[in-house]
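To start, the structure under review is shown below, and the notes come after it.
2 protein chains.
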Amino acid sequence: MTVLEKFKPIFYPKSVMVVGASKDPNKMGYYCVKSLKDAKFKGKIYPINPHAQKILGFKVYPSIKDLPENVDLAVIVIPAKAVPSTLEECAQKQVKGAVIISGGFKEIGREEGLKLQEETVNIANKYGIKIIGPNTFGVVNLHANLNASFTPIFSKLKKGNVALISQSGGMCHIISYHGMEEGIGFSKIVGVGNRCNVEFADLIEYFGEDPETKVIAMYIEGVDDARRMVETAKKVVRKKPIVAYKVGREGSGKAVYSHTGSLAGKHEIYKAAFKQAGIIMVDSCIELLDTVKALALQEPPNNGRFAVVSKEAGPAITMIDVCTDGGLTLAKFTDETNEKLKKLLPPFTIRTNPVDVAFASLNIEAYKEAVRLVLADENVDTLLFFCLYHPGIKLPVEDFAKAKNKFKKCMVSCVVAPKNMWIQVKRKMEQMGIPVFPSPERAAKTLVNLTFYGKIRKMVS
Amino acid sequence: MTVLEKFKPIFYPKSVMVVGASKDPNKMGYYCVKSLKDAKFKGKIYPINPHAQKILGFKVYPSIKDLPENVDLAVIVIPAKAVPSTLEECAQKQVKGAVIISGGFKEIGREEGLKLQEETVNIANKYGIKIIGPNTFGVVNLHANLNASFTPIFSKLKKGNVALISQSGGMCHIISYHGMEEGIGFSKIVGVGNRCNVEFADLIEYFGEDPETKVIAMYIEGVDDARRMVETAKKVVRKKPIVAYKVGREGSGKAVYSHTGSLAGKHEIYKAAFKQAGIIMVDSCIELLDTVKALALQEPPNNGRFAVVSKEAGPAITMIDVCTDGGLTLAKFTDETNEKLKKLLPPFTIRTNPVDVAFASLNIEAYKEAVRLVLADENVDTLLFFCLYHPGIKLPVEDFAKAKNKFKKCMVSCVVAPKNMWIQVKRKMEQMGIPVFPSPERAAKTLVNLTFYGKIRKMVS
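Going down the list, the sequences are from chains A and B. The numbering of the first sequence is our numbering, which starts it at 1 and goes up by one. The numbering of the second sequence is our numbering, which starts it at 1001 and goes up by one.
Shown next as structure tokens:
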């Protein structure tokens, strides 16, 4: 069985049951049914509850046994101690995937929870059931209208090509909500929770093959088998970028994992190993989003020689600082480019790299040509573009995009305007494959991350 | 003359002339008149232009000589070579402040520009004229309805207590536009440009005394007399926080200042000296804004022992990581607090520090009490608060603020909701003095900066 087939019951179920479905809007069992409904899931939805007839318009079944047919996926929101027996009943209905939202397993750090988790794993493995969780918010597949989570709002996420694997429900919600704001399109979102029999490595392998995924994003606190994860990632990064945000340093490790201590002190080693595997490491959830946005829009540069075209010197300096800190090199233009820029732009402008288009930005033809010349230069791998709102400027976005595509260059931009202004311009840039960020530092740091991945891919190809 | 009096003609002029005023919306001379008009400046506005009668409804004077009375402030937007003689004419009208927007001085790095700047300084000093610029976008004083800049939109900024000194027009616009979005209130904004006879040190001294300024923010590329700046800052930080974003590392120094090389390699030394002077150093324009926002809302903590109250574990871990990296210490609650939290919150919750209020956040009384207990703890200096949107939660903001004020604690929060949701809740929190940030890392880094300043102030008091 291929990895795509193995995960089919989780991501593309024909039917879903919700064990612990509820009519009470104060219970998670209510939101799980609502999520499936709001996402307009096309398959059958079977709420299970002995005390209800209808939930959100769906016929309710008193028990799993009473279901009229076999079911692919079970969403389980019942007390932990009832989970193993429920899983046995699920198996009788040929369930092959389970999203166990319930908490009270390994994470409580007591004999009782550990035992329950072990039991659950054993039953799942016996019947070949893939489990997401326990202790998770769920799973979302925007390409299948599947929202098997307790968060109905996830149904409103944009469909796209970024897969997100998160070890924390909270962080996953933060990332998704900000992603919504940034217009980032997701393929699938998985909250791995306690990782019963589906580890980061399994999902990396899956998303490596998933045709709907172009970029893999991860939020990680700890990995049980780091070696396996690293080995799997090493293979996948040849085809698709993996961006990871790893937390859990000594301070938080002590606080949160004081019962196991397994992470304490290992953080930097993890980070180094991940990076060596070719995983792009980021330092915040916002940087994670910025990086996946840029990677979803374009191919990374093959090398680190960057140029800056800016309407103002300050932001250019700021961007150069961040890029050179990140190991990139300010490109040295060819004599030809230098000559042409000198003719094109007025004196008193910085016409080398960075190129200060201040006086020329109101002259649309000069503006287009300056960007074209820089992109055409053989010594330039990427263009960092900065523009500040001015009522007189009509940004020639199509021409920029045309030049970028013609010369097969990477382009990352920062476009800043007063509140509620130039929103259409920014949207158009992203539609044409040029990511836009709200600050020069965020644009530049994203370019550093893209370049890291570009070098990895060059190395392995 | 006190420093407040010295700068009065710049920040509180009774009348302003615009030398180089224009009717043409493609010229900066047009926008300078528009800025003054849009800000509803209460004093007289005198556009000077030999070829126009009216500009934006104002009577135009053909030359400075023709003005009917003396004028306090001159905004100058004419070619550089005409500036010295214009300044002589200004002096005849008792002008005591000038905002020289024109470029073409020292920054062009040629004999010609250097000479012009020297000449300008000599004339200004001879007549006791304070100059902002040259090569600046201008000056804004929101408390005097004065927008002496080429950016009319600055008139829409919120009036408040943050003073901004910027060496780059571009960065100043980025900071101001984002500040607009964050609802940050500014007292005065100054683009120092080439710094003829008004240096960072002078403005720090001024804002140190300015009753309308509580926090001083700076964007710096290079300082001519760093020692003087540091000495001045050292005194001012006893009363008011100074937050600085210093750029210009070796890479950008080479590129942008290749004609002088004066900054190359000194960046880290500058940063260290500034920090030692008690200046809060930040790494991005967004961090600059975050930090000034928090400082404008509340007093900094006296010490670095922080507590975390969160509805989710992931964001709490993330915040602890950032804080411990920044040298802060996760507070150890007293036995009393531990006992009470244990009774208050259900088992399987983390009830030490961080406090995971997951299951209790829907119980408003327990939520209030958990926050109150943590704020009351004598081992806690600050509270980092995280809350993720949930349809069932009504955040008891007033009660949080009451407890914060009662126990005189600092509180920094991250509240995350899907697009366009909980905007009122976030606004209310800030109205009650609790800054809200969109990511756990930004909230935590702000707390690190606040704590740095709290320690500085404790040391000097």
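Glycine included, C-beta positions come from ideal geometry on N, C-alpha and C.
Q.
Rounded to whole angstroms, what is the Cα-Cα separation between V448/A and N1070/B?
A. 55 Å
Q. Just the Cα atoms here: how many angstroms apart are T1002/B and C285/A?
A. 48 Å
Q: Tell whether a beta-carbon distance below 8 Å holds between V1121/B and V1075/B.
A: no
(Q) Distance check for A1366/B and L1345/B, CA to CA, integer angstroms please. (A) 7 Å
Q) Using CA coordinates, which residue listed in N1363/B, K1240/B and F1154/B is at the minimum distance from F1041/B? A) F1154/B
Q | Sequence-distant residues of the same chain with beta carbon closer than 7 Å to M171/A, five excluded per side | A | Y219 and C285
Q: Could you list the residues in the segment 170 to 186 of chain A with a C-beta less than 9 Å from some C-beta on chain B, going in chain order?
A: G170, M171, C172, H173, I174, S176, Y177, H178, M180 and E181
Q | Within the segment 1144 to 1186 of chain B, ranges of the alpha helix (DSSP H) (whole runs, at least 4 residues) | A | 1169 to 1182
Q) Are three or more beta carbon pairs between the segment 1398 to 1413 of chain B and the segment 1349 to 1360 of chain B nearer than 8 Å? A) no
Q. Can you list, in chain order, the stretches of the beta strand (DSSP E) that have 3 or more residues and sit fully within the segment 1003 to 1067 of chain B?
A. 1015 to 1019 and 1044 to 1048
(Q) In this structure, how does DSSP classify F137/A when only helix, strand and coil are distinguished? (A) coil
Q) Do A148/A and L73/A have their C-beta atoms closer together than 8 Å? A) yes
(Q) Rounded to the nearest angstrom, what separates G1326/B and T1337/B at their Cα positions? (A) 26 Å
Q) Can you list, in chain order, the residues of the segment 1319 to 1333 of chain B whose Cβ is nearer than 9 Å to any Cβ on chain A? A) M1319, I1320, D1321, V1322, C1323, T1324, D1325, L1328, T1329 and L1330
Q) The alpha helix (DSSP H) spanning F1207/B covers which residue range? A) F1200 to E1209
Q) Around the C-beta of S1461/B, are 16 or more other C-beta atoms found within 10 angstroms, so that it is buried, or is it exposed? A) exposed
Q. Shortest alpha-carbon distance to T151/A belongs to which of Q276/A, M411/A, K27/A and T86/A?
A. K27/A
**Q.** Supposed close pair G1454/B, N1302/B - CB separation, criterion 8 Å
**A.** 5 Å
Q | Close beta carbons around V1247/B, own chain, < 7 Å, minus the five adjacent residues each side | A | E1221
Q) So A1370/B packs on V1309/B, CB below 8 Å; how close in whole Å? A) 6 Å
Q) Hey, would you say I242/A sits closer than 8 Å to I189/A, going by beta carbons? A) no
(Q) Is the beta carbon of K1214/B closer than 8 Å to that of N1141/B? (A) no
Q. Residue ranges of each alpha helix (DSSP H) run of no fewer than 4 residues wholly in the segment 1423 to 1454 of chain B, ordered along the chain?
A. 1423 to 1431
Q | Cβ-based burial, D225/A [other Cβ within 10 Å; buried from 16] | A | exposed
**Q.** From R1238/B, V1236/B, K1235/B and F1274/B, residue whose alpha carbon lies closest to that of A1244/B
**A.** F1274/B
**Q.** Neighbouring residues, chain B, relative to L56/A (Cβ below 8 Å)
**A.** Within chain B, no residue comes near L56/A; the closest Cβ sits about 15 Å away, beyond 8 Å.
Q.
Are the CB atoms of P134/A and G183/A within a distance shorter than 8 Å?
A. no
(Q) Please give the ranges of any alpha helix (DSSP H) in the segment 91 to 138 of chain A, keeping only runs that are unbroken, at least 4 residues long and fully inside the region. (A) 111 to 127
Q | Uninterrupted beta strand (DSSP E) stretches inside the segment 1261 to 1346 of chain B (no shorter than 3 residues) | A | 1280 to 1282 and 1305 to 1310
Q. Between L341/A and the ligand HEM, is the CB less than 7 Å from at least one heavy atom?
A. You won't find the ligand HEM in this model; it holds no ligand whatsoever.
Q. By a C-beta neighbour count over all protein chains shown, 10 Å radius and 16 as the cutoff for buried, is F51/A buried or exposed?
A. The sequence given here places His at residue 51/A; Phe does not occur at that position. Exposed, by the Cβ-count rule.
(Q) Please list, in chain order, the chain B residues whose beta carbon lies closer than 7 Å to that of N70/A. (A) Going along chain B, no residue has its Cβ under 7 Å from N70/A, so there is no contact; the nearest lies around 34 Å.
Q) Using a Cβ-Cβ cut-off of 8 Å (strictly less than) and excluding sequence neighbours within five positions of K1159/B, which residues of its own chain qualify? A) L1142, H1143, G1185, F1186 and S1187
Q) Is the Cβ of P300/A closer than 8 Å to any Cβ of chain B? A) no
Q | Member of D24/A, P25/A, P13/A and K65/A whose CA lies at the smallest distance from the CA of I45/A | A | P13/A
Q. Hey, does L447/A have any beta-carbon neighbour from chain B nearer than 8 Å?
A. no
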